[in-house]
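Working notes for the structure below.
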Amino acid sequence: MSILNSTKMPLNVSYKLAQASALIMAIILFILSYIFGRDGLFLWFNTNLGAFADTFFSYFTYLAEGWILIPYLILVVGIFKKDALFIIINSIISTLLTQIPKQLIWPHANRPLASGIDLSKIHTVAGVEVHSFNSFPSGHTATAFTLFLVTIYIFPNKKVLLVGFMYALICGYSRIYLGQHFPLDIAGGIIAALLSVGLSIQIRKKLFKKPF
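Residues are numbered in our numbering as their position in the sequence shown, beginning at 1, plus a constant of 3.
Below is the structure:
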């Protein structure tokens, strides 16, 4: 028996754990933002951690770019053909739930550098282009948590749950560390991911009459 098979979990349990973990993280960020203020919490998370962290997060954040979904889609179509349509539907919903707020509802939502915070207090990384608007929600975070939730839905496994959650968390944190987003934006990205995957699962149930 392989290690992955030995750590396999029931689908409803694994996905609900992933869902709960993501939701709790979003709630914590909302609460902390209320307690310490949007700017105060951002500056705390944005603290300079040194050259290694600068390099690590500047590269790791690319793992949450929207284009990362393309090879993922190809992988799913090739290996998990029965889940290909589910992934495609989810990708469309996730894009809509992220881009409509960013581009149409809150297009002028300022990112940290354009928010009025003393620029000398904001840590940025040389070579990383920092944007000024379209702050809410964080698209990178939405992508990362969507990949996490979809993966654990398709492949319920303890190790996947842990590694996937850590991947999504680090991607979200990297957006704050690089000065691109506020913690509130990260929370918004998580909520967008939860909604997109949740809606996709409901559509899957209707189309394929699957119980979960």
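Don't be surprised by glycine CBs; every beta carbon is placed ideally from N, CA and C.
### Query
Buried or exposed: where does I73 fall if 16 or more other Cβ atoms within 10 Å of its Cβ makes it buried?
exposed
### Task
Tell whether a beta-carbon distance below 8 Å holds between L46 and I189.
no
### Task
Please determine, among Q183, H184 and T154, the residue with the shortest C-alpha to C-alpha distance to A196.
T154
### Message
I want to know whether the stretch 172-188 touches the stretch 34-46 - three or more CB-CB distances under 8 Å.
### Response
yes
### Query
Between Y180 and N49, which are expected to be in contact by the criterion C-beta below 8 Å, what is the C-beta distance as a whole number of angstroms?
6 Å
### Message
Assuming C174 and A67 are in contact, meaning their beta carbons sit under 8 Å apart, how far apart are those beta carbons, in whole angstroms?
### Response
4 Å
### Query
Can you tell me the Cα-Cα spacing of A129 and D121, whole angstroms?
18 Å
### DSSP state of N15 mapped onto helix, strand, coil
helix
### Query
If you draw a straight line from the C-alpha of I103 to the C-alpha of L165, how long is it?
31 Å
#### Entry: Per-residue DSSP class, three states only, for N49
coil
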